[in-house]
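> Structure below; questions to follow.
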Amino acid sequence: MVKMKGKYTRYKDKKTSKSKRNKLKEIEGQMQCDAETKAGKMEEEKSMSYGKAKMIYKLKGKRVLEQIRALKAKRKQFSKKDLHQKEQRKEITKEIRELEATWEKEKQEGLSKFEPEETPTEEVEKETTETTKEVKKDD
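Okay, so the sequence shown: first residue is 1 according to full-length UniProt numbering, each after it adds one.
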């Protein structure tokens, strides 16, 4: 970088004005902030407890149920006798089923990330109860 007279600075055979350089710095700063917030969100997701995750998925589930109710209400408007409307009813029913299926998959996958793992003390307790049951059976 070579300083030149006026508002120009030379970067490897390119001239950029100070205002453009400042804008570039602002954009780079915003990109770094975005990267830091994404990293923070990842850490937050990792540290999130099972109960908190369950609560979040419960709220998401309410939204999905509202969508399903809206689709069912829309489906009720169409008659079963008219062929064109009957086809529309079938399409809406397919949408409802797909929505329910995708929600169940998402919920199971999401909660499986946060399920508490068994601690060694629980495993030891299970083993001791199993051995005591075996001893009682032998008597």
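Just so it is clear, CB atoms sit at the ideal spot from N, CA and C, and this is done for glycine as well.
Keep in mind that this is a model prediction, so the values were computed, not measured.
What are the boundary residues of the alpha helix (DSSP H) that glutamine 67 is part of?
Unbroken alpha helix (DSSP H) run through glutamine 67: 50 to 76.
> Would arginine 75 and isoleucine 92 qualify as a contact pair, given that the criterion is a beta-carbon distance under 9 angstroms?
In this structure, isoleucine 92 lies closer than 9 angstroms to arginine 75 by Cβ.
> What did DSSP end up calling serine 19 once you bin it into helix, strand or coil?
Serine 19 falls in the helix class under three-state DSSP.
> In three-state DSSP terms, what is lysine 80?
Note: lysine 80 maps to coil in three-state DSSP.
> Can you give me the C-alpha to C-alpha distance between lysine 80 and glutamine 30, rounded to a whole angstrom?
Near 56 angstroms, if we compare the C-alpha coordinates of glutamine 30 and lysine 80.
> To the nearest angstrom, how far is the alpha carbon of leucine 65 from that of isoleucine 27?
Each residue's alpha carbon lies about 41 angstroms from the other.
> Using a Cβ-Cβ cut-off of 7 angstroms (strictly less than) and excluding sequence neighbours within five positions of lysine 86, which residues of its own chain qualify?
Cβ within range, chain order: Lys80.
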